[in-house]
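J.: What follows is a structure written as structure tokens; I'll ask about it next.
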Amino acid sequence: MSEFRHCRKLHDQRSCVTLDRLKCRTCRRKVMWPGRWTRRWAAVAAALAMSVTPVPGARADAVPELLPAAEPRSYDVTLITGDKVHIAVGEDGRQRASVTPRDPARSGFRMVDHGGELSVLPADVADLVPDRLDPALFNVTALAAQGYTDQQTGSLPLIVQQDAGAAPLTGPLAGLKAGNRLESIGAIGAELAKKDAAAFAAGLVTGSGLAAGVRKVWLDRKITSRPVTSASTAGAAAARTGDGDGAGTTVAVLDSGIDAAHPDLAGKVAGARDFTYDGDPADRYGSGTAMAGVIAGSGAASGGTYTGVAPGARLLNGKIIDESGSGLASWAIEGLEWASGEAGAEVVTMAVGVPGAGGPLTDAVNRLTAENGTLFVMSTGDRGCEACVDSPADAQAALTVGAVDGQGGLADFSAYGPVGLHRAVKPELTAPGVGVVAARAANFQPAEPVGDHYARVSGTALAASYAAGAAALLRQARPGITAPEVRSALVGGSEALPGVPVDKGGAGRLDVAGALARTVAAGDAALDFGLTTAGAGYPVTRTISYRNLGAEPVTVALDAGAPFTLSTTELTLPAGGKGQVDVALDPARTPAGWARAELVATPAGGPELRTLLTGNVEVRRVELRVSAVARDGRPSRMLPSVVDLDSGALYGRELPSDSDRRCETDDGYCWLVPPGTYSILGVVSTLRPGATSEGRGDVIDQSFTGYPEMKVARDTDVVLDARKAVAVKIDTPGHRTARNRGAATKLVYTRQPVNGPRYTESFLMDGRVEESYYLQPTAKVTKGEFAVATRWRLEAPAITLRTSGADLHPRYVDPVYFSNRSTQFPRLDGTAALTVADAGDGGALKGRDLRGRLALIRRTPGTSVSALANAAGAAGARMVAIYGDTHLTGNESLLTVPTVTLPETEGERLAARAGRGRVQVVAKGVVASPYVYDLYLSEEGRVRKRPSYVAAKRSLARVDTAFHSQLTGDVALSEVKYGWMPWETSSWDSVRTVPRAPRVRTDYLSPAPGVRWHSAADMPERSYNAIFPEEEQGVMTVRDRTRGYRAGERIERTWLKHPVAPGFAPDSPTQRQGDTLTVDMRALVDAEGNTGSQPTDWFPHGYVSDWRIYKGDELIGRTGTGGSGRVLLPPERAGYRVEYTVENRSTWARLSTRTRTVWTFESEHAEGDPVVLPLLAVAYDVPVDLRNRTASAKLGLTVSHQEGAQGSAIERVTLETSSDDGRTWRPARRLRDKGHGTYEATIERPRQGTVSLRVTAADAAGSTVTQEVIRAYGTR
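Everything in the sequence shown is counted per full-length UniProt numbering, starting at 1 for the first residue and increasing by one.
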């Protein structure tokens, strides 16, 4: 339920607050930020799930909600543009997507699947990504992972950067709920209510840019604490030397807060501020207290055994992580600004971040370092992989620290660089981070406690804390030392680790005594020489200064390893004085590769000081300039994909990578790329004259263009020319088919390079002027894999007009502009002979007699189509044909008469003929096509010169499809059918209307090898617009299993056949692993076995779902959001009872208006692989007609265990029926056991009305099920 946050008591969401408040209505407790409680599973799930021990009869809201499923099967994501993306995940992990545009005029979208990350980009803003709009705003995979689905939150947090001196956001952008000013990056943190996203986007995007004063909009990304974990390796003791204890220095800890009452930290916290919604700076997560103890713990609770590095230092507590272990990037920036500025910390340590390089956090650290002279100590992160240092640990000014174990080996969880285009080294330093005994917050339940006040934990957060404490000791010992000099001393005085290369561990392991022993300080710890070109250009020079910290002059010997050179090899520094040396990297004499060395400064009689030298020397790049031309010869602004087929590097404005470098061009795009072999592909849209964007009705057609394999050795211009593309032709010899509106569903292409991830891009464009695709023929590829595919839906012609002497091509006006759903849109069904009446421009229709005629109207720009058509209808017209200006720009009124458009030349000729005499046309309309061709056609390895296909019946699979209704006739349903090529992991399609149900239809599907299909059906039809106010109603949705088909195969399939009752999906059983019960019970299972989940709707005339689990008679978990989630069970064997009630209160509901299912079973701790629980399921076989009615007194039952369970024999089954909605029950007259869990029942011959069913079954092990289905089916 998208508009609710979550109360900490985790009761029914319907009791919780809307976005404009902070208290739960039921318990008046504080509400957690949307979605964050879902992150807290690993360490504290037990505390959440079992936080209340209910007693029989206890209030329901005292019982914990089920924890969310680890990977939700379906979810929605509303983008910043207001467009809603619907995602569902199948049993094989493949994703299904569809999009509801924010308004009907917006219909163009591109879906990019790159390395498993799915992004959906609206066509009208794609050109603003990434320069003005953060790509993360459109990455639906990442948005869902961060808890930004509509089911988890009704808002989207943003960081809005403004131009210098810009006024506060006003006008259309004033709908943003602005937060605090982020001065360091010239931005504000803001919250956008998803319900206001459409209006916000309309004001934000202006032409080819953003609203005045807005420089860039970022997603305010989730930051997550790196939870401290246990490890068996003993941690190194905090290293101190001499009498130093950090006294007089201040270190800020930005994390989950600090437990100031801990004995080791008593009196040490000099200041605190909470940047979260928790309301206080206390630590309820544990990591902040552990970090504080490593930095400055007194060891009081251990008699001095576990003392921090700088126990005399003062601490500042900046809480940027809430009790669930997560926060927002804007909170972290506020914390950084507070600690560095107002609070005056000399050292700030932070161990949270977001994946990826650069961005607001990184910018803030670099700028605050320059402005305030603060040393920021960051941890690399715990992802344990190459080139995955989080932001802001990638900041050039930060001291970034990785973790090593007690033997000096790099911890397997410690992330490392290189970072950025320059391939700079991160971390610069490592420190102990494995098996560290650290202070334990009172609310933290560690896996490995050490007494009452400590825990043995691991993580790069601990390593950064060691370094922060060491920095405090240096600050104390060297008054006046600068942040860069502290950074240099810690890095330069570290202990080299022979087994850890510099790219993984920097200069070495932290050596506090070694850092304090240095009497010469360098101006920086590392010199980055950036990106240079091998064999070309001038030497790149960096200057580094040295300062003598001693009271006597000193001579410093300097030495740099190849390929770096020095301007001098010796410096003489007076007491307290400075000197500098130039270090050069000459790319003309340096081979391509990563340049790595150390500058070693050795003072006479003193220890050496090492400075890291890094650079990226690459091969000479060339300019690759890509432009596009539409089919009419006009330049086209499109977004090409450019993939290096050898390295896998991706170039493209919408998906920046650190390999991406741009160059200037007058038209199109330009990148600097290494010479090599590239795939250069794109889809070019040809727009109607005057159109500037890919809005609905603006796109005439789309053409796949480009070169899947092209050698680029020098500066190259590539033109993606749609005029070279050839139309896709399809012949259906078995039936006459037409490309009705929406026939050309999707165009998708894929390119798998030799190395690197596959790149797949698909285009969904509703509302084209023409239902056509064009493909540019290509040569066969020799590197990697390449394919392009088109998805089609062909039916009987929806409307035809025939007249002698002319070919007419009518097309219904786009119903999206005139109706909410298909039943409001008039169509011709059948054949009619009509006389053409030329009605001119429609301005003089009053008083005309058009009864039974086809009114032909020339529309002028700006005239309302519905006004013209309805005026003709009022004059008696049977049908209206519009020509001239047929482009629609906004919502209109309901139509009262079938209305079509004609091409302008056809309309002019028909009007001229009508002016000369009587002209008759024969109109034929088909509202419900008796057949449908769902085709997915591909070109593999190349595109042929003539991409033509013959869809003969014998080469297709045939599915005879029956759509059932609930006792009524002539209703509209919806359906969607997703297809996957073997190389696709994601698919999307449009939801379509199934008119005139109930009925039977013949479907033909592509059976190509590896092609998979998945379908869903809705009752009633889903709205495709919201022009006219309507009361919200529940929608029943069921889905089939994903499968492939064989050529010539013929099967039957039913949809929405009753009874419909709760059950199980074969691909997602309810199972137990360890003590975690993962529940996935489906509220809706029809007689075909199609399944659907159904959470409680937020409106009154919808579904109400209540799922509960009992241990004995003790209620231990519940949810109103559908029968899915997780609950922790005690390990011992016990008996459980699950009760699942589903009510359909929709006004259209006639059948299965209420179901109640009760399961009982026993379960115990399940070690190893998940164990599918032996829950019983009931399937029904009632000989109903398409309206779900029967006159028969017989019905069939099948009782079995859910798929995958090891169940015992079925021993007892009973059946009762009711004709008064369950008020009274009577047993079946006969129930015959046919074996293998199947039964044939004979009941009292039903009277006209409905039959309710109650089935009870048990197996030999004692598992039982009782299921009541009120109004299971109708009688006749």
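Note that the Cβ used here is the ideal one computed from N, Cα and C, for glycine as well.
1. Do P1062 and V1142 come within 9 Å of each other at the CB atom, strictly closer than that value?
2. State yes or no: is the C-beta of P1170 within less than 9 Å of the C-beta of F1161?
3. Applying the 10 Å Cβ sphere with the 16-neighbour rule, what's the burial state of E664?
4. So the candidates are R848, G279, T985; which of them puts its Cα closest to the Cα of G93?
5. Please return the same chain residues whose Cβ sits closer than 6 Å to the Cβ of E485, not counting the five positions on each side in sequence.
6. Using the Cα positions of R1137 and I1109, report the straight-line distance between them to the nearest angstrom.
7. Taking Y1004 as part of the beta strand (DSSP E), name the residues at either end of that continuous run.
8. What does the alpha-carbon distance come out to for the pair R878 and R827?
9. Closest to A1241 by CA distance: which of Q1248, R1230, P815 is it?
10. Considering only DSSP beta bridges, list what H1014 is partnered with.
11. Quick check on K84: does DSSP put it in helix, strand or coil?
12. Name the residue from P603, G576, L1077, T614 whose alpha carbon lies nearest to the alpha carbon of D586.
13. Quick check on G969: does DSSP put it in helix, strand or coil?
14. Hey, is the stretch 905 to 913 in contact with the stretch 926 to 939, meaning 3+ C-beta pairs nearer than 8 Å?
15. Here's a check: name, in chain order, each residue in its chain whose Cβ is nearer than 7 Å to the Cβ of A393, leaving out the five neighbours to either side.
16. Quick check on the DSSP output: the alpha helix (DSSP H) that includes L490 runs from which residue to which?
17. Please name the residue in R736, V1060, T1002 whose C-alpha comes closest to that of I1051.
18. What residue range is occupied by the uninterrupted beta strand (DSSP E) comprising P1170?
19. When you compare the stretch 361 to 376 with the stretch 401 to 411, are there three or more beta-carbon pairs, one atom per stretch, that lie closer than 8 Å?
20. Under a three-way DSSP split, which group does H1081 fall into?
21. Could you name the residues that DSSP lists as bridge partners for K216?
22. Just to confirm my understanding: we take E570, look at its own chain, exclude 5 residues before and 5 after, and list those with CB closer than 8 Å. What are they?
23. Short check: CB of T1275 to CB of A1149, under 9 Å?
24. Restricting to Cα atoms, I'd like to know which of N372, N1188, V1182, S1146 is closest to T482.
25. I think H422 touches D259, with their Cβ atoms under 8 Å apart; what is that distance to the nearest whole Å?
26. For the alpha helix (DSSP H) that G505 lies in, which residues bound it at each end?
27. Based on Cα-Cα distance, which residue from V673, T81, E1032, T590 lies nearest to L204?
28. Enumerate in chain order the residues of its own chain whose CB-to-CB distance from G359 is below 6 Å, with the five nearest sequence positions on each side excluded.
29. Looking only at its own chain, which residues have a Cβ that is under 6 Å from the Cβ of G842, when we skip the five neighbours before and after it?
30. Between the C-alpha atoms of T1264 and V1000, what's the straight-line distance to the nearest angstrom?
31. Does the stretch 1010 to 1018 come into contact with the stretch 1039 to 1054, if we say contact requires no fewer than three beta-carbon pairs (one atom in each stretch) closer than 8 Å?
32. Quick one: what's N139 bridged to in DSSP?
33. Candidates A914, G847, L854: which alpha carbon is nearest G805's?
34. By DSSP, does T362 sit in helix, in strand, or in coil?
35. Less than 9 Å separating the beta-carbons of T835 and R853?
36. Where does A477 sit, in a helix, a strand or coil, going by DSSP?
T.: Let me lay it out:
1. Cβ distance < 9 Å, so V1142 and P1062 count as in contact.
2. Not in contact: P1170 and F1161 (Cβ atoms no closer than 9 Å).
3. Exposed: under 16 other Cβ atoms inside 10 Å.
4. Minimum Cα distance to G93 is reached at T985.
5. Within the same chain, E485 has close Cβ partners A521.
6. Computed Cα separation, rounded: 6 Å.
7. Counting along the chain, Y1004 sits inside the beta strand (DSSP E) bounded by residues 999 to 1005.
8. Roughly 10 Å between the two C-alpha positions.
9. For A1241, the nearest C-alpha among the options comes from R1230.
10. DSSP lists Y978 as partners of H1014.
11. When DSSP states are grouped into helix, strand and coil, K84 belongs to the strand group.
12. Measuring from the Cα of D586, the nearest candidate turns out to be T614.
13. In this structure, G969 counts as coil in the three-state DSSP scheme.
14. No, the stretch 905 to 913 is not in contact with the stretch 926 to 939.
15. Hits under 7 Å: G353, M378, S379, T380, G381, T400, K426.
16. L490 -> alpha helix (DSSP H) spans 483 to 492.
17. The option with the nearest alpha carbon to I1051 is T1002.
18. 1166 to 1172 is the extent of the beta strand (DSSP E) around P1170.
19. Contact annotation: the stretch 361 to 376 does not touch the stretch 401 to 411, with fewer than three C-beta pairs closer than 8 Å.
20. Position check: residue 1081 holds Met in this sequence, whereas His was assumed. Residue state, collapsed to three classes: strand.
21. Under DSSP, K216 takes part in a beta bridge, and its partners are Q161.
22. Cβ within range, chain order: T555, V556, A557, L558.
23. Not in contact: T1275 and A1149 (Cβ atoms no closer than 9 Å).
24. With distances taken between CA atoms, T482 lies nearest to N372 out of N372, N1188, V1182, S1146.
25. Contact between H422 and D259 fails: their C-beta atoms lie close to 40 Å from each other, not under 8 Å.
26. Unbroken alpha helix (DSSP H) run through G505: 502 to 505.
27. The candidate whose alpha carbon is nearest that of L204 is T81.
28. Here G359 has S391 as same chain residues with Cβ atoms under 6 Å from its own Cβ, once five neighbours each way along the sequence are excluded.
29. Around G842: I857, L868.
30. Per the coordinates, the alpha-carbon of T1264 lies some 37 Å from the alpha-carbon of V1000.
31. In short, these stretches touch, since the Cβ pair count reaches three.
32. Bridge partners of N139: S119.
33. Residue nearest to G805 within the set A914, G847, L854 is A914 (criterion: CA-CA distance).
34. T362: helix per DSSP, three-state reduction.
35. For the 9 Å CB-CB criterion, T835 and R853 form a contact.
36. In the structure shown, A477 falls within a helical segment according to DSSP collapsed to helix, strand and coil.
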